[in-house]
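**Q** With my numbering applied, the sequence shown corresponds to residues 2 to 123, in that order.
Even for Gly, the Cβ is constructed at its ideal location relative to N, Cα and C.
Structure below; questions to follow.
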Amino acid sequence: MAWSFTADRPVYIQVAERIRRRVITGEYKAGAQIPSVRQIAMEATVNPNTVQRALVELETEGLLEARGTLGRFVTEDESVIERGKQSLIRSLVKSFITDAMRLGLTKEQIEAAVKEGTDERT
Numbered sequence: 002m003a004w005s006f007t008a009d010r011p012v013y014i015q016v017a018e019r020i021r022r023r024v025i026t027g028e029y030k031a032g033a034q035i036p037s038v039r040q041i042a043m044e045a046t047v048n049p050n051t052v053q054r055a056l057v058e059l060e061t062e063g064l065l066e067a068r069g070t071l072g073r074f075v076t077e078d079e080s081v082i083e084r085g086k087q088s089l090i091r092s093l094v095k096s097f098i099t100d101a102m103r104l105g106l107t108k109e110q111i112e113a114a115v116k117e118g119t120d121e122r123t
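Written out as structure tokens, the structure reads:
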């Protein structure tokens, strides 16, 4: 199924985010080869150049490693994956707080909502 994209950010960044999330959640395991540029482009229904640009960004971050003609692999450095996870968490929290404040919630209401939400999950 084709991926959906929003108009607020470049598509290559959204592709990179999707792949980053797959690494962080373990869908793409440490040391494992990821699908080829063409495979990802077909799945996402985007131009292979868009995928290539996203993968280069992830290589720059250290999440992926290019191994010549063998393809790209997820880093085996767990600290890099953990940094990516912490960055994603900060981004999600910031987005949630921004949205909650736009709704007029106070800090106390936001904290109560988070506590209630976590209590329901445990």
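(1) Could you pull the start and end residues of the alpha helix (DSSP H) that Val75 belongs to?
(2) Starting from Leu93, follow the beta strand (DSSP E) in both directions and report where the run begins and ends.
(3) Can you tell me where the beta strand (DSSP E) holding Ala67 begins and where it ends?
(4) Please determine if the stretch 91-98 and the stretch 47-57 are in contact, where contact requires at least 3 C-beta pairs separated by less than 8 angstroms.
(5) In chain order, what residues of the same chain lie with their CB nearer than 8 angstroms to the CB of Asn48, ignoring the 5 residues before and after it?
(6) Given a cut-off of 8 angstroms on the beta-carbon distance, is the pair Ala33 and Phe74 in contact?
(7) With Pro49 as the anchor, note down where its alpha helix (DSSP H) starts and where it stops.
(8) Which two residues bound the contiguous alpha helix (DSSP H) that contains Gly118?
(9) Below 8 angstroms, can you find three or more Cβ-Cβ pairs linking the stretch 95-104 to the stretch 65-82?
**A** Put simply:
(1) From DSSP, Val75 is part of no alpha helix (DSSP H) but of the beta strand (DSSP E) over Arg73 to Val75.
(2) Where Leu93 is concerned, there is no enclosing beta strand (DSSP E), although the alpha helix (DSSP H) it sits in stretches over Glu79 to Arg103.
(3) Leu65 to Ala67
(4) no
(5) Ala42
(6) yes
(7) Pro49 to Glu62
(8) Lys108 to Arg122
(9) no
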